[in-house]
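Novice: Sequence lines, in order, name chains L and H. For the first sequence, the working numbering assigns the number 10 to the initial residue and increments by one for each residue that follows. For the second sequence, the working numbering assigns the number 4 to the initial residue and increments by one for each residue that follows. Backbone N, C-alpha and C fix where the C-beta goes; we use that ideal spot for every residue, glycine too.
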Amino acid sequence: MKRYLPFIIVAVVGLATLGSGIALYRAKRPPALTISSDQAAARGKTAESLHIRGPANAPVTLEEYGDFQCPPCGLLAGPIKQLEKDYDRHLRVIFHHFPLINHQHAREAACAAEAAGLQGHFWDMHDLLYREQTVWSKAADVRPLFNAYAGILGLNVERFKKDIDSENVKARVTADQKQGSALGIQNTPTIFLNNHAVDPTALNPANLRAAVDAAVKAKPSS
Amino acid sequence: MEQVEPISASRAPTILYTIAALVSLAGLADATYLTVQYLTGETAVCGGSWDCFKVLGSVYAHIGRIPIAGLGVIGYFSVFSFATFAAFGYARARRFFGWLVCAMFTVTLWFLFVQFFLLHAFCRYCLFSAAIVFLLMGLVVARPASD
């Protein structure tokens with residue numbers, strides 16, 4: 010018996026590792042999120058409050074729940090903008106805030122984007138915050154930087170300073186966050202293509218382009 | 004594998020290889036967890052530690068589509084297997100155990116360099132794995148010269 014014991018021990022550990030790995034994979038695998046038709050319809054009623062870039066009748070909608078301090082969101086911001094250019098009238102992009110609590114300045118950044126939005130520059134601030142993410146993310150106090158960004162974008166800085174702390178702006182960010190939580194979102198970026206979440210393993214520029222390309226081909230514009 | 008004569012003079016090598024097998028199990032659990040994280044796409048999104056994302060989502064965390072953590076699973080399982088056979092007196096397993104731990108030690112030094120000097124970020128799971136490999140290396144060094 011002793012002769013076979015090491016073989017048995019190794020086989021048991023091997024099987025236990027494989028079994029626990031599979032069990033863990035099943036437990037951790039994110040559910041396939043979708044935006045139901047009811048949720049989409051309810052949101053359509055408040056479409057004017059959404060941050061949309063691209064034609065309203067585009068056949069493909071890329072919807073992002075993002076966090077300005079999240080590095081993967083930052084890495085995808087440029088490629089998504091490139092997709093907007095490349096797919097032009099076929100693609101529209103919607104951005105929702107989902108600032109994670111473990112990112113110290115994420116909520117403030119979301120408010121900065123909203124405050125810029127009140128002056129018609131949401132997307133400019135969105136792009137700038139992602140572009141400068143590594144700079145302001147490390148700052149102890151981000152407010153002077155955000156004020157400077159407002160100045161760079163040609164905003165009324167005094168109004169921006171007031172708006173960033175306004176209840177209206179905070180409520181807007183909270184509403185987006187609640188909406189995301191209701192959809193079951195836990196991580197950022199969470200990206201939906203025509204109401205179906207893109208698998209997290211496909212959240213890289215090449216795979217996202219392939220997914221958008223497939224969606225555009227599946228729904229050619231009329 | 005050949006079976007050697009039982010070591011009657013001292014039980015020290017048996018104890019040492021048993022400890023090595025148990026230690027490698029901790030590394031195996033760590034590497035399995037990280038492999039699952041990679042496969043579920045958790046390392047591609049935010050929701051956990053920023054530093055972990057920076058390390059595990061970096062280009063150094065995979066070779067092509069194969070996650071380094073997956074290679075770690077194979078490495079730790081092999082270490083466990085060799086240590087187990089070595090504890091039961093298999094001489095060739097003792098040699099393989101030594102070589103494999105030395106190889107893993109070298110790879111660990113590279114990844115510590117990557118975290119310290121290239122990424123400037125530290126993943127606690129990777130540091131735990133490094134600690135396991137250092138411990139295994141210590142056991143290799145502590146082995147009797149005859150091994």
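If you draw a straight line from the alpha carbon of L/Pro153 to that of L/Gly63, how long is it in whole angstroms?
Specialist: 31 Å
Novice: Let's test the definition: count the other Cβ atoms within 10 Å of the Cβ of L/Glu73 and tell me whether it reaches 16, buried, or not, exposed.
Specialist: buried
Novice: Output the boundary residues of the beta strand (DSSP E) element that contains L/His105.
Specialist: 100-106
Novice: Does H/Cys49 have its Cβ less than 7 Å from a Cβ in chain L?
Specialist: yes
Novice: Quick one, are the C-beta atoms of L/Gly30 and H/Thr35 less than 7 Å apart?
Specialist: yes
Novice: Is there at least one Cβ from chain H nearer than 7 Å to L/Tyr34's Cβ?
Specialist: yes
Novice: How many angstroms separate the CA atom of L/Glu167 from the CA atom of L/Lys179?
Specialist: For L/Glu167 and L/Lys179, the gap between their C-alpha atoms comes out near 18 Å.
Novice: Can you tell me the Cα-Cα spacing of L/Arg140 and L/Gly83, whole angstroms?
Specialist: 7 Å
Novice: By alpha-carbon positions, which one of H/Phe100, H/Arg95, H/His123 ends up nearest to H/Ala86?
Specialist: H/Phe100
Novice: Should the stretch 115-122 of chain H be regarded as contacting the stretch 42-49 of chain H, the criterion being three or more beta carbon pairs within less than 8 Å?
Specialist: no
Novice: Please list, in chain order, the chain L residues whose beta carbon lies closer than 8 Å to that of H/Phe80.
Specialist: Val22, Gly23, Thr26
Novice: Here's the rule I'm using: 16 or more other beta-carbon atoms within 10 Å means buried, otherwise exposed. How should L/Glu176 be labelled?
Specialist: exposed
Novice: Would you report the Cα separation of H/Ala32 and L/Ala36, rounded to the nearest angstrom?
Specialist: 16 Å
Novice: Please tell me whether L/Val207 and L/Tyr96 are closer than 7 Å, where the distance is taken between their beta carbons.
Specialist: Their beta carbons are not under 7 Å apart, which means L/Val207 does not touch L/Tyr96 by this criterion.
Novice: Relative to the C-alpha of H/Lys57, which candidate in H/Ser84, H/Cys126, H/Val144 has its C-alpha closest?
Specialist: H/Cys126
Novice: Using a threshold of 7 Å, state whether the C-beta atoms of L/Val69 and L/Leu100 are closer than that.
Specialist: yes
Novice: Starting from the C-beta of H/Met168, find all residues in its chain whose C-beta is less than 6 Å away, skip the five residues before and the five after it, and write them out in chain order.
Specialist: This structure gives no information on residue 168 of chain H, because the portion of chain H shown stretches from 4 to 150.
Novice: When the cut-off is 7 Å and only beta carbons count, does L/Cys79 lie next to chain H?
Specialist: yes
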